[in-house]
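Residue numbers (our numbering): 1 to 284.
What follows is one structure encoded as structure tokens, with my remarks underneath.
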DNA sequence: CTCTGCACCTGAAAGC
DNA sequence: TGCTTTCAGGTGCAGA
């Protein structure tokens with residue numbers, strides 16, 4: 001599923017295609033996928049598309065919002081007559097006839113445009129929420145994003161203080177600390193910083209914290225520039241595809257020689273239940 | 001409070 | 001080939 005750069009790529013794709021459209025109808029298959037009342041959104045016009053961390057917020061003219069979390073396999077696909085934009089988990093559904101067995105929600109929009117929420121594993125969701133409810137979620141469950149100017153060494157040290165024995169990988173994956181980071185960009189940032197995913201945060205020096213911030217910004221900005229990571233060979237119907245997968249140095253590179261030419265190899269371990277890729281030679 | 005591990009779901013890919 | 005196991009871009013929560 002998408003991390004910050006992939007979700008931002010979706011936001012950009014949706015922005016040009018659905019803003020100004022009116023929601024004609026909403027159909028969904030499970031209560032888990034669509035949490036809200038369809039009458040709270042039908043008849044309203046889409047006024048904006050925003051992103052924070054890995055969440056997509058579609059703003060409506062009646063002051064309600066559709067908040068999406070795509071989790072691991074969520075996708076948002078817009079079909080405007082013959083033109084199609086697909087983002088999120090890469091799968092054949094980017095091109096498949098829709099709706100299909102993975103379709104959880106169909107939004108019928110004005111001008112014969114359709115927005116599909118597909119999600120194979122059903123972990124993702126769409127909730128109908130007020131601006132205040134969304135603000136409360138951000139306030140409670142999300143910290144700053146690495147690209148925010150407030151994401152400083154002081155900020156990270158304040159978060160680190162109470163959990164000195166946590167390893168850095170899980171620390172950076174914590175959305176209340178580094179919003180928008182996920183498994184790919186965390187592994188890549190740790191490689192860039194030359195720091196082992198297993199390092200306890202109490203053993204990280206101030207210059208290393210700064211290097212971590214710089215590395216996170218570097219890999220996230222690369223992800224944004226390349227339109228995210230598109231594992232496998234999936235290409236969007238509009239001809240574009242994410243390009244970050246060609247620039248990954250450790251994620252899913254198990255067994256390959258270290259990109260730093262240090263003589264080491266990329267190995268895969270499990271940290272906090274997540275596949276973790278790093279060079280045990282030059283990441284310490 | 002922190003930490004660990006599993007639960008939530010389904011399918012693709014890798015291993016035997 | 002075909003069966004079995006592992007893995008998957010993410011949380012959320014019970015129990016220690």
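Beta carbons are placed, not taken as given, at the ideal position from N, Cα and C, and that holds for glycine.
Using the three-state DSSP reduction, which class does residue i fall into: helix, strand or coil?
i           : result
residue 22  : strand
residue 224 : helix
residue 207 : helix
residue 47  : strand
residue 314 : The question about residue 314 has no answer here: the residues shown for the chain are numbered 1 through 284.
residue 3   : coil
residue 218 : helix
residue 247 : helix
residue 198 : coil
Just tell me which of the options has its CA closest to the CA of residue i.
i           : options               : result
residue 77  : 57, 116 and 69        : 116
residue 74  : 49, 181, 2 and 187    : 2
residue 249 : 21, 278 and 161       : 278
residue 101 : 170, 68 and 118       : 118
residue 57  : 38, 32, 11 and 37     : 11
residue 69  : 253, 161, 33 and 28   : 33
residue 108 : 44, 167, 259 and 265  : 44
residue 83  : 90, 280, 17 and 133   : 17
residue 81  : 71, 98 and 88         : 98
residue 124 : 110, 89 and 133       : 89
residue 263 : 253, 282, 251 and 270 : 282
residue 134 : 280, 55 and 267       : 55
residue 21  : 52, 93 and 112        : 112
residue 284 : 201, 87 and 229       : 201
Give me, in chain order, the residues of the same chain whose beta-carbon lies closer than 6 Å to that of residue i; leave out the 5 immediate sequence neighbours on both sides.
i           : result
residue 159 : 177
residue 207 : none
residue 79  : 114
residue 50  : 57
residue 143 : 176, 177 and 179
residue 223 : 5 and 244
Using C-beta distances below 7 Å, list every residue in its chain close to residue i, excluding the 5 sequence neighbours before and after it, in chain order.
i           : result
residue 220 : 4, 5, 146, 147 and 185
residue 41  : 23, 26, 60, 64, 66 and 128
residue 30  : 104 and 122
Our contact map puts residue i next to residue j with C-beta atoms below 8 Å; I'd like the distance itself, whole angstroms only.
i           : j           : result
residue 15  : residue 227 : At roughly 14 Å, the Cβ-Cβ gap does not stay under 8 Å, so residue 15 and residue 227 are not in contact.
residue 175 : residue 141 : 6 Å
Whose C-beta lies closer than 8 Å to the C-beta of residue i among residues of the same chain, with five residues either side of it excluded?
i           : result
residue 218 : 189 and 192
residue 173 : 181, 182, 183, 186, 272 and 274
residue 19  : 46, 47, 48 and 49
_What ranges does the beta strand (DSSP E) occupy inside the stretch 67-104, keeping only unbroken runs of at least 3 residues that lie completely in it?_
74-80 and 83-88
*Can you list the alpha helix (DSSP H) stretches of 4 or more residues lying completely in the stretch 142-195, in chain order?*
153-160, 168-173 and 183-193
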